[in-house]
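The UniProt record's numbering applies: residue 1 is where the sequence shown begins, and numbers increase by one. For every residue, glycine included, the Cβ atom is placed at its ideal position computed from N, Cα and C. Computed from a prediction, not measured in an experiment: that's the story for all the values here.
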Amino acid sequence: MSGHGTPIPMSARKSGPLKGRAEVPGDKSISHRSLILGAMAVGETKVTGLLEGQDVLDTAAAMRAFGAEVTRHGEGDWSVHGVGVGGFAEPEQVIDCGNSGTGVRLIMGAMATTAMSATFAGDASLRKRPMGRVTDPLALFGARAYGRQGGRLPMTIVGAADPVPVRYVVPVPSAQVKSAVLLAGLNAPGQTVVIEREPTRDHSERMLRGFGAELTVEDTGEGRVITLTGQPELRPQVVAVPRDPSSAAFPVCAALIVEGSDILVPGVSQNPTRNGLYTTLVEMGADIEFQNPREEGGEPVADLRVRASTLNGIEVPEERAASMIDEYPILSVVAAFAEGTTVMRGVKELRVKESDRIDAMARGLEACGVRVEEEEDVLIVHGMGQGGVPGGATCATHIDHRIAMSFLVAGLAAKRPVSVDDGSPIATSFPAFEGLMAGLGAQIRRDNR
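Okay, structure coming up:
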């Protein structure tokens, strides 16, 4: 699949029990960060389990453009010869980040405190996404941004020649914004401080420490205060990327709603800033066993044994949103097959993802016969019970990989097949999705139209 080519219509139909072992790809967030921090270290960083989706491949290409040597040795096995903090070279060409909001925002942060300029572009979806939330704090360091109206790509960032450290309160829960500011702070003198009122995924903090940065985290009355001492010499690392909990969500949720299913999903990250979906599913009555808990690459992981379950709608705590923001699309599908109503609050961040995910899921679920209510910050799904969703619709994906996979999962348990207008964006995060799901017994196919 390619997220940048001809649309690939796909459909899924009611399947028999899903069985077997689902080895999902490496964590996308950690894959991006391992390449970027490897490029900012001095020496060779080795990465195993790297996600080879298009988003991460675009970040690898960007690091090459900034002067790092990035080499693929085999499936998931990569090395990065870094150029050191402040050692980026000015790229000769536009940096195309494809569909990746994470990639473009983190790379902007990494180069914003080096005296050079770089121009960033992306696909039609990424060009709609707001960059001001990152460029505003980067301006405090002394960087300048020149983009389209509304702070959108294509955009040129002129790095600060004499960067200054900043103290920044993140206005909305966003690991991308936090991470961009911390990466910019690496090449600024003194201490850069980021304050989060609500905790977000902490991969950047964990990995920065692993690469040798001096970083402290303190919970105070202001919130979570992260203090980074600038201008370190980062040490190269061996990074073992755990399996992505966001990708694991699709086979896990499929197994929960397809009657008779019983699957094992090994080695999934259980980082507490990322596992809100799994906490929510258990509260809904999901039969999930977290087996063999252990630590890999500085991250907690476990093997998930998942069996089909009778689920009940719940009200998801608003404060949990940051730990599961990417999983609300697939949760809304699970909610459609639950008994009763599921209320999801505090989800307005979904409106500025690869698509307006609240609107995309609401319209698609309605087309499948599910009653949905939405507000700016709320999504409510009225469940129809296991096997009760009519289906029979073609849903628009809006160039969004998670929307595409969510509706294909819905089709596996709906009464009639569910189609999507374009499955090509799935390649950005989960290129093995079709083959993995087929191996479990899922009836998903490409439609020739």
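Name the DSSP bridge partner or partners of residue i?
i    : result
F120 : I95, M155
Q291 : D303
Q443 : R13
Q191 : T229
M344 : V316, L379
E374 : L379
R206 : R206 is not bridged to any residue.
E196 : V170, R224
D219 : R224
I263 : G20, V306
E296 : E299
L350 : Bridge partners of L350: none, in fact.
V239 : V47
Y146 : T156
S247 : S247 pairs with nothing; no bridge assigned.
Going by alpha carbons, who is nearest to residue i out of the options?
i           : options                : result
V56         : I314, G67, S29, M40    : S29
residue 452 : E299, E295, Y278       : With the chain running from 1 to 449 in the structure shown, residue 452 is simply not present.
Q231        : T192, A427, R274, R307 : T192
A68         : L182, E90, L51, E75    : E90
P329        : F407, Q386, E295, M284 : F407
A308        : I263, E198, V83        : I263
P165        : N187, Q149, V372       : N187
S34         : I325, P7, D77          : D77
A213        : D377, A396, E52, A41   : A41
P189        : T216, T71, A161, Q176  : A161
Q93         : E376, A110, S117       : S117
G38         : A22, Q54, F88          : F88
M344        : V352, G185, E327       : E327
K353        : T59, A414, S31, P130   : P130
L379        : E52, D123, A393, K348  : K348
A124        : D96, G142, F141        : D96
A175        : G109, C368, A414, I314 : G109
L126        : P272, P154, C395       : P154
I36         : D58, G53, G26          : D58
E196        : R64, V333, D219, V258  : D219
G84         : G74, H73, M63          : M63
G276        : A367, R320, G313       : R320
R167        : E296, V194, S323       : V194
L51         : S204, E75, G122        : E75
L18         : I426, V258, P317       : V258
V169        : I157, T156, D136, I426 : D136
How about residue i and residue j: are their beta carbons less than 8 Å apart?
i           : j    : result
A335        : G260 : no
G20         : G435 : no
A360        : V372 : no
T114        : G86  : yes
V104        : F120 : yes
M284        : L304 : no
P251        : M437 : yes
S269        : V238 : no
residue 450 : K128 : Absent from the structure is residue 450, since the part of the chain shown begins at 1 and ends at 449.
E7          : D422 : Note on identity: in this sequence residue 7 is Pro, with Glu being the wrong assignment. Their beta carbons are under 8 Å apart, which means P7 touches D422 by this criterion.
I226        : L281 : no
I358        : E374 : yes
A410        : G391 : yes
G16         : G346 : no
R224        : R274 : no
residue 450 : A180 : Absent from the model: residue 450. The displayed extent of the chain is 1 to 449, so no value can be given.
T45         : P236 : yes
Q443        : A22  : no
V24         : V265 : yes
T394        : S419 : yes
P163        : G142 : yes
T342        : V389 : no
I325        : L350 : yes
H32         : L106 : yes
G43         : V241 : no
A255        : V306 : yes
P173        : A338 : no
G267        : R243 : yes
C368        : A414 : yes
A112        : A65  : no
Return yes when at least one heavy atom of the ligand GDP lies under 7 Å from the C-beta of residue i, else no.
i    : result
R305 : The ligand content of the structure shown is nil, which means the ligand GDP is not present either.
Identify every run of the alpha helix (DSSP H) within the stretch 19-46, keeping only runs that are complete inside it and at least 4 residues long; order them along the chain. 28-40
Inter-stretch contact (C-beta, 8 Å, three-pair minimum) for the stretch 378-396 and the stretch 425-432: no
Evaluate the contact criterion for the stretch 132-149 versus the stretch 95-103: three or more CB pairs, one atom per stretch, below 8 Å. no
Does the pairing of the stretch 204-211 with the stretch 232-245 give three or more beta-carbon distances under 8 Å? yes
Only counting runs of 4 or more residues, tell me where the alpha helix (DSSP H) segments fall wholly within the stretch 389-419, in order along the chain. 401-411
Would you mind listing the beta strand (DSSP E) stretches within the stretch 51-110 that are 3+ residues and don't spill past its ends, in chain order? 69-74, 77-83
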